[in-house]
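Chains as they are written, first to last, in the working numbering: chain A, 74 to 288; chain B, 74 to 288. In what follows, a single structure is set out as structure tokens and then discussed.
Protein chains: 2
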Amino acid sequence: MRAIIADDHPLYREAAGLRLQRQLHDLEVIEVGRLDELLALAGTEGEPIELILLDLRMPGMQGGQTIETVVEAFPETAVALVSGAAAYEDIKCAIDAGAKGFLPKTLPSKLFAGAIAVILAGGSYLPAETLQMNGKVSANPAIDDIDAGAIPDELTPRQLQILAQLASGATNKEIGRGLGIAEVTVKMHIRQILRKINARNRAEAASIATRAGLI
Amino acid sequence: MRAIIADDHPLYREAAGLRLQRQLHDLEVIEVGRLDELLALAGTEGEPIELILLDLRMPGMQGGQTIETVVEAFPETAVALVSGAAAYEDIKCAIDAGAKGFLPKTLPSKLFAGAIAVILAGGSYLPAETLQMNGKVSANPAIDDIDAGAIPDELTPRQLQILAQLASGATNKEIGRGLGIAEVTVKMHIRQILRKINARNRAEAASIATRAGLI
DNA sequence: ATGAAAACTATCCGAAGGGATAGAGGACCT
DNA sequence: AGGTCCTCTATCCCTTCGGATAGTTTTCAT
Numbered sequence: 074m075r076a077i078i079a080d081d082h083p084l085y086r087e088a089a090g091l092r093l094q095r096q097l098h099d100l101e102v103i104e105v106g107r108l109d110e111l112l113a114l115a116g117t118e119g120e121p122i123e124l125i126l127l128d129l130r131m132p133g134m135q136g137g138q139t140i141e142t143v144v145e146a147f148p149e150t151a152v153a154l155v156s157g158a159a160a161y162e163d164i165k166c167a168i169d170a171g172a173k174g175f176l177p178k179t180l181p182s183k184l185f186a187g188a189i190a191v192i193l194a195g196g197s198y199l200p201a202e203t204l205q206m207n208g209k210v211s212a213n214p215a216i217d218d219i220d221a222g223a224i225p226d227e228l229t230p231r232q233l234q235i236l237a238q239l240a241s242g243a244t245n246k247e248i249g250r251g252l253g254i255a256e257v258t259v260k261m262h263i264r265q266i267l268r269k270i271n272a273r274n275r276a277e278a279a280s281i282a283t284r285a286g287l288i
Numbered sequence: 074m075r076a077i078i079a080d081d082h083p084l085y086r087e088a089a090g091l092r093l094q095r096q097l098h099d100l101e102v103i104e105v106g107r108l109d110e111l112l113a114l115a116g117t118e119g120e121p122i123e124l125i126l127l128d129l130r131m132p133g134m135q136g137g138q139t140i141e142t143v144v145e146a147f148p149e150t151a152v153a154l155v156s157g158a159a160a161y162e163d164i165k166c167a168i169d170a171g172a173k174g175f176l177p178k179t180l181p182s183k184l185f186a187g188a189i190a191v192i193l194a195g196g197s198y199l200p201a202e203t204l205q206m207n208g209k210v211s212a213n214p215a216i217d218d219i220d221a222g223a224i225p226d227e228l229t230p231r232q233l234q235i236l237a238q239l240a241s242g243a244t245n246k247e248i249g250r251g252l253g254i255a256e257v258t259v260k261m262h263i264r265q266i267l268r269k270i271n272a273r274n275r276a277e278a279a280s281i282a283t284r285a286g287l288i
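Pasting the structure below:
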């Protein structure tokens, strides 16, 4: 059994992959970071792909039409949308386009597990909040971003390593010693990390990394 | 429906409360910090109390006998033990005393949710590791603490406020401005926080706070 | 083979963090 | 009335962080 996690940042992919594999043994998780990579997997031979977790804001995504493209490219597969924060329109649009559900990234694991189970069973999942926001239009329907602490861009392996240590309270000097590189190099990496995950400093970065499951 | 969380530090109570309420709508969570407070709730009128999450190392607790006392005081209620780290004896003792389960504080949310569901359904939950440690005696059975990143001591309300902002990436100056106090005061509070939660710096503190559910 | 990206190093600078010490006011409990 | 705890403030000192700029090397894909 296979599932695809299509999201532009590896931290979330890892976290989501872990959740899935906890729940579904014998699951092969395929991670992709861009829309074209995802579409390239359509029609692949091998075990059937049961599930696609699709980030709303992945490079290449452009709203309803794109979702429809994906749904059509994988006619046998349940496509579930995933996003950090979502406008009502986004959700409606996604369901109209054939998505089987909408999972906020903030979804607690248990609900996540339940939602996945429901979707795999052929149902569809919508967060409870959807009812309250019935028809309500957010200030900026198209881009309801900021994403409350998610990781917007790819982190390199080195950066993931360093981020993990940072979140454990290591200083730059300690990280450098541990990895056998100079402190300045660590600082350089961290500058990039802060930029990419949009954190103001290492404390916020630590929080974001922890929330994303990188412990 | 009501549940009691009996634990000596509020951060964990909050986190556990959130987890429970996410899972069980219409749940009223009662938080207590000491054993006597807990026992004072026995026989209270009102909605039935379905669940008690009981910290092994709460002020007043003294092992198996105490657990038995609690179980007898709440005959209609499922009592589940909670602890940061536990010796085999503790677990065995707790089960013998009538506890319905044992939940490590490090339990991932999903397992936590599953465990709660099992316990509420009348079953009992034991962590898988229990099997491996069958009969093995830890170096210090009574106090097997250190607690791997949990919050060992009470944080004052002010400290919780500050810790939350810290984890959001606020600088001391910003926190001070927001709370209308001087930066030095914030620094003082943070020094206390780092001591109490045993963090080396604010990055680690942010990680710990986030893991504990204080976002 | 050329170019892009990742990784590494260096120096300089101002801002922020972390620790120690010392003191003051208020709330609450006994 | 005294004690304890929380809260707030101040000064001094050194470390760590975060950023800019500039450069080398390696690796990998087109």
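Heads up, the beta-carbon is just placed ideally off N, CA and C, and yes, glycines get one too.
Cutoff 6 Å; reference residue i; Cβ partners in own chain excluding five residues on either side
{"i": "Glu-104(B)", "result": "Ile-78, Arg-86"}
{"i": "Ser-156(B)", "result": "Leu-129"}
{"i": "Lys-260(B)", "result": "Asn-245"}
Same chain only: Cβ atoms within 8 Å of residue i, ignoring 5 sequence neighbours per side
{"i": "Ala-167(B)", "result": "Leu-129, Gly-137, Ile-140, Leu-154, Phe-175"}
{"i": "Met-74(A)", "result": "Leu-97, Asp-99, Leu-100, Glu-101, Glu-120, Pro-121, Glu-123"}
{"i": "Gln-234(A)", "result": "Leu-252"}
{"i": "Ala-190(B)", "result": "Gln-96"}
Pairwise C-alpha distance: residue j and residue i
{"i": "His-262(B)", "j": "Ala-76(A)", "result": "47 Å"}
{"i": "Arg-312(B)", "j": "Gly-242(A)", "result": "With chain B covering 74 to 288 only, the question about residue 312(B) has no answer from this structure."}
{"i": "Gln-94(B)", "j": "Asp-109(B)", "result": "25 Å"}
{"i": "Asp-80(A)", "j": "Thr-229(A)", "result": "15 Å"}
{"i": "Ala-188(B)", "j": "Ala-113(B)", "result": "27 Å"}
{"i": "Leu-111(A)", "j": "Ile-254(A)", "result": "36 Å"}
{"i": "Lys-246(B)", "j": "Asn-274(A)", "result": "14 Å"}
{"i": "Ile-248(A)", "j": "Gly-171(A)", "result": "46 Å"}
{"i": "Ile-216(A)", "j": "Ala-146(A)", "result": "Because the pLDDT at Ile-216(A) is just 25, under 50, the model does not fix this residue reliably, and the value given afterwards should be weighed accordingly. Near 25 Å, if we compare the C-alpha coordinates of Ala-146(A) and Ile-216(A)."}
{"i": "Thr-142(B)", "j": "Ala-115(B)", "result": "11 Å"}
{"i": "Thr-117(A)", "j": "Gly-90(A)", "result": "20 Å"}
{"i": "Glu-149(B)", "j": "Ser-280(B)", "result": "38 Å"}
{"i": "Ile-270(B)", "j": "Val-144(B)", "result": "31 Å"}
{"i": "Ile-125(A)", "j": "Ile-125(B)", "result": "39 Å"}
8 Å Cβ cutoff met for residue i and residue j
{"i": "Ala-276(A)", "j": "Leu-236(A)", "result": "no"}
{"i": "Ala-240(B)", "j": "Ala-282(B)", "result": "yes"}
{"i": "Val-152(A)", "j": "Leu-193(A)", "result": "no"}
{"i": "Gln-265(B)", "j": "Gln-238(B)", "result": "no"}
{"i": "Met-131(A)", "j": "Arg-107(A)", "result": "yes"}
First and last residue of the uninterrupted alpha helix (DSSP H) at residue i
{"i": "Glu-230(A)", "result": "Checking the sequence, you will find Pro at residue 230(A) rather than Glu. Run containing Pro-230(A): 230-240, per the alpha helix (DSSP H) assignment."}
{"i": "Asp-109(A)", "result": "108-113"}
{"i": "Glu-247(A)", "result": "245-252"}
{"i": "Glu-256(A)", "result": "256-270"}
{"i": "Arg-284(B)", "result": "275-284"}
Span of the beta strand (DSSP E), counted from its first residue to its last, around residue i
{"i": "Ile-122(A)", "result": "122-128"}
{"i": "Ala-172(A)", "result": "Looking at the DSSP string, Ala-172(A) is not in any beta strand (DSSP E), and its letter there is neither H nor E."}
{"i": "Ala-151(A)", "result": "151-156"}
{"i": "Glu-101(A)", "result": "101-105"}
Spatial neighbours of residue i in its chain, beta-carbon cut-off 7 Å, leaving aside the 5 residues before and after
{"i": "Lys-173(B)", "result": "Ala-151, Val-152, Ala-153, Ile-192, Ser-197"}
{"i": "Glu-256(A)", "result": "Asn-245, Lys-246, Gly-249"}
{"i": "Phe-185(A)", "result": "Arg-92, Leu-176"}
{"i": "Thr-258(A)", "result": "Gly-249"}
{"i": "Glu-202(A)", "result": "Because Glu-202(A) carries a pLDDT of 46, less than 50, the predicted location of this residue cannot be relied on, and the following value inherits that uncertainty. Excluding positions up to five away in sequence, the list is empty."}
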